[in-house]
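Trainee: Numbering (our numbering), first residue to last: 20 to 367. Cβ atoms here follow ideal geometry from the backbone N, Cα and C, with glycine treated the same way.
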Amino acid sequence: MEKIRLGKTNLFISRLGFGGIPIQRLNEDDAVAVVKRCLDLGVTFLDTANAYTTSEERIGKAIAGRREGLVLATKSTSRKREGVEKHLNLSLQRLNVKYIDLYQFHGVSDRASLDMVLAPDGPISVVEKARDDGLVKHIGITSHQIDVAKEAVACGRFETIMFPFNFVTAEAADELIPLAKKHDVGFIVMKPLSGGMIDNAKIAFKYLFQFPDILTIVGIEKIPEIEEIVSILEGSKTITPAEKKQMQKLKEELGTRFCHRCDYCQPCTESIAISTVMMYPSLVRRLPPEHLFSSLWGQLVEKAAGCTECGDCEERCPYHLPIRELLAEYVKLYQEGKRKYEKAQPSA
Ligand code: SF4
Ligand code: SF4
């Protein structure tokens with residue numbers, strides 16, 4: 020598979036990377052088989068996280084005996100020294116490796132979190148020490164918020180930035196990707212299919228393949244998915260006029276309802292996690308129902324039923340989304356789905 024240089028890490032990696040979220044849904048044997056197939060197809064970059072439950076352990080099993088030449092990336096959501104230290108040790112253990120190639124601060128999407136990560140003697144110093152000790156080779160960051168991402172790139176402490184990028188959410192193309200290039204920070208694409216909102220892999224990946232030197236992480240649940248994407252990478256990358264039209268149509272369809280997860284709408288007076296609830300259509304596709312209806316996700320959607328319709332959030336949303344209307348719609352869909360799911364369960 021075609022390789023690219025990942026910014027100042029100087030790592031040469033496959034242009035497609037494996038994203039470790041969906042394998043949590045599989046049984047262990049199937050999960051290991053999916054990762055192995057990706058490796059067989061030439062994927063050399065694997066991304067996971069402390070927060071992805073079984074993902075690290077399953078990747079660890081799949082790469083046993085073939086670690087050499089692979090670039091392993093994982094991350095921690097902790098903003099405290101002790102938390103990052105604990106997560107890093109756990110990742111080494113679960114992946115069953117002596118070092119991690121890229122250690123990332125996970126989901127740093129507001130200014131306060133970035134300040135916490137960068138504080139003198141804060142979490143970054145733990146990872147820098149681990150790098151001195153050879154336990155980590157490179158340090159990166161992931162974010163959903165463009166201004167925080169730009170600041171992280173410019174501050175000089177991170178070698179990679181991971182950010183959502185696809186033809187629907189394309190704001191990174193304007194400034195963030197050029198800025199990353201200027202600072203020689205490796206750009207890693209998350210959400211190439213916009214969290215499941217884009218259902219046409221061909222146009223989604225053809226768009227991304229127009230940008231040289233960026234790494235695209237794709238979450239894989241089934242072997243045919245990676246086979247299809249690899250064949251897109253190997254085929255003609257020219258976007259046809261018909262494909263351009265398809266992109267435009269999809270952008271228009273999603274445009275007025277698509278949440279960019281920037282969180283400018285916060286703080287909500289009722290502490291509703293607006294951007295998380297906005298992901299509901301994508302969560303339905305990605306999460307198994309038992310997870311969706313009985314986990315923190317479900318609780319967050321249920322909390323949105325308490326929206327008082329004050330409208331403060333809508334005044335702050337730069338995309339002018341009808342937040343109140345969308346929240347009400349997703350809460351209704353959630354409640355209907357949950358009722359159906361519970362009805363289908365065998366009675367105890
Ligand atoms: S309209 Fe609802 S979601 Fe928006 S700030 Fe008010 S309570 Fe929160
Ligand atoms: S609702 Fe608007 S402001 Fe809030 S996260 Fe989504 S796009 Fe950003």
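#1: Leaving out the 5 sequence neighbours to the left and right, which residues in its chain are closer than 7 Å to Ser-301 when beta-carbon positions are compared?
#2: With respect to the beta strand (DSSP E) encompassing Ile-106, which residues constitute its N-terminal and C-terminal limits?
#3: Under the criterion of a Cβ to heavy atom distance below 7 Å, does Pro-183 qualify as lining ligand 2?
#4: Regarding Thr-327 and ligand 1, is the C-beta to nearest heavy atom distance less than 7 Å?
#5: Assuming Val-249 contacts Met-20 (C-beta within less than 8 Å), just tell me the rounded distance between them.
#6: Nearest to Asn-115 by CA position, among Lys-80, Glu-194, Lys-105, Val-350, is which residue?
#7: Please tell me whether Ser-128 and Val-167 are closer than 8 Å, where the distance is taken between their beta carbons.
#8: Would you kindly work out how many angstroms separate the C-alpha atoms of Glu-361 and Gly-325, rounded to a whole number?
#9: What span of residues does the alpha helix (DSSP H) with Lys-351 cover, start to end?
#10: Using C-beta distances below 6 Å, list every residue in its chain close to Glu-271, excluding the 5 sequence neighbours before and after it, in chain order.
#11: Return the bridge partner residues of Tyr-122 from the DSSP annotation.
#12: So, for Lys-148: in the same chain, excluding its five sequence neighbours on each side, which residues have a beta-carbon less than 8 Å away from its beta-carbon?
#13: Does ligand 4 have even one heavy atom less than 7 Å from the beta-carbon of Met-297?
#14: Phe-31: which of Ile-222, Thr-96, Asp-120, Trp-316 sits nearest, CA to CA?
#15: Between the alpha carbons of Ala-138 and Ser-162, how many angstroms are there, rounded?
#16: Considering Arg-24, what are the terminal residues of the beta strand (DSSP E) in which it resides?
#17: Measure from the alpha carbon of Ala-92 to the alpha carbon of each residue in Asp-140, Ser-132, Ile-236, Arg-98, then state which is nearest.
#18: What are the residues that DSSP puts in a beta bridge with Ile-236?
#19: At the level of alpha carbons, what is the spacing between Ile-78 and Arg-335?
#20: Roughly how many whole angstroms lie between the Cα atoms of Glu-355 and Gly-254?
#21: Could you have a look at His-65 and say whether DSSP puts it in helix, strand or coil?
#22: Please name the residue in Lys-201, Ile-239, Leu-252, Glu-348 whose C-alpha comes closest to that of Ile-293.
#23: Can you give me the start and stop residues for the beta strand (DSSP E) that Val-208 sits inside?
#24: Give the C-beta separation of Ile-242 and Arg-56 to the nearest angstrom, bearing in mind that I take them to be a contact with Cβ-Cβ under 8 Å.
#25: Ligand 1 and Leu-319: does the residue's C-beta get closer than 7 Å to at least one heavy atom of that ligand?
#26: Report back the beta-carbon spacing between Tyr-122 and Val-146 to the nearest angstrom; my notes put them in contact at under 8 Å.
#27: Could you give the first and the last residue of the continuous alpha helix (DSSP H) run that contains Ile-180?
#28: Under DSSP, the alpha helix (DSSP H) around Glu-309 begins and ends at which residues?
#29: Around the Cβ of Thr-275, are there at least 16 other Cβ atoms within 10 angstroms (buried) or fewer (exposed)?
#30: Mind checking whether the beta-carbon of Pro-260 lies closer than 7 Å to any heavy atom of ligand 2?
#31: List the residues that DSSP assigns as beta-bridge partners of Phe-277.
#32: Measuring only the C-alpha atoms, how far is Leu-346 from Ala-323?
#33: Just checking Leu-340 against ligand 2 - is the residue's beta carbon closer than 7 Å to any of the ligand's heavy atoms?
#34: Please report the distance separating the alpha-carbon of Pro-231 from that of Pro-197.
#35: With 16 as the cutoff for other CB atoms within 10 Å, does Asp-193 come out buried or exposed?
Mentor: Reading off the structure:
#1: Only Gly-214, Gly-215, Met-216 meet the Cβ criterion.
#2: Contrary to the premise, residue 106 reads as His rather than Ile in this sequence. Judged by DSSP secondary structure, His-106 falls outside any beta strand (DSSP E) and instead within the alpha helix (DSSP H) spanning 100-114.
#3: Flag unset: Cβ of Pro-183 not near ligand 2.
#4: A heavy atom of ligand 1 is found nearer than 7 Å to the CB of Thr-327.
#5: Here Val-249 really is in contact with Met-20; their C-beta atoms are around 7 Å apart, less than 8 Å.
#6: The candidate whose alpha carbon is nearest that of Asn-115 is Lys-80.
#7: Less than 8 Å divides the Cβ of Ser-128 from the Cβ of Val-167.
#8: Distance from the CA of Glu-361 to the CA of Gly-325, rounded to the nearest whole angstrom, comes to 22 Å.
#9: Start and end: 342-363.
#10: Closer than 6 Å at Cβ, skipping near neighbours: no residue.
#11: DSSP links Tyr-122 through a beta bridge to Thr-93, Ile-158.
#12: Correct list: empty, nothing qualifies.
#13: Ligands in the displayed structure: ligand 1 and ligand 2; ligand 4 is not one of them.
#14: Measuring from the Cα of Phe-31, the nearest candidate turns out to be Asp-120.
#15: Each residue's Cα considered, the two are about 18 Å apart.
#16: In this chain, the beta strand (DSSP E) harbouring Arg-24 covers 22-24.
#17: With distances taken between CA atoms, Ala-92 lies nearest to Ile-236 out of Asp-140, Ser-132, Ile-236, Arg-98.
#18: DSSP output for Ile-236 lists Gly-36 as bridge partner(s).
#19: Their Cα atoms are separated by approximately 41 Å.
#20: Looking at the two C-alpha atoms, the distance is approximately 42 Å.
#21: Position check: residue 65 holds Leu in this sequence, whereas His was assumed. For Leu-65, the secondary structure class from DSSP, reduced to helix, strand or coil, is strand.
#22: Glu-348 is the residue among Lys-201, Ile-239, Leu-252, Glu-348 whose C-alpha sits nearest the C-alpha of Ile-293.
#23: It spans 205-209 - the beta strand (DSSP E) in which Val-208 sits, taken as one unbroken run.
#24: About 5 Å separates the two Cβ atoms, so the contact holds.
#25: For Leu-319, the distance from the CB to the nearest heavy atom of ligand 1 is not below 7 Å.
#26: A Cβ-Cβ separation of about 5 Å places Tyr-122 in contact with Val-146 under the 8 Å criterion.
#27: First-last for Ile-180: 179-183, but that is the beta strand (DSSP E), not the alpha helix (DSSP H).
#28: Here the alpha helix (DSSP H) through Glu-309 covers 308-313.
#29: The residue is exposed, with fewer than 16 neighbouring Cβ atoms inside 10 Å.
#30: No, the Cβ of Pro-260 stays beyond 7 Å of every heavy atom of ligand 2.
#31: Answer by DSSP bridge pairing: none, since Phe-277 is not bridged.
#32: Spanning the two alpha carbons is a distance of roughly 7 Å.
#33: True, at least one ligand heavy atom lies under 7 Å from that Cβ.
#34: The alpha-carbon atoms of Pro-231 and Pro-197 are separated by roughly 12 Å.
#35: Under a 10 Å Cβ-count criterion, Asp-193 is classified as exposed, with fewer than 16 other Cβ atoms of the shown protein chains found around its own Cβ.
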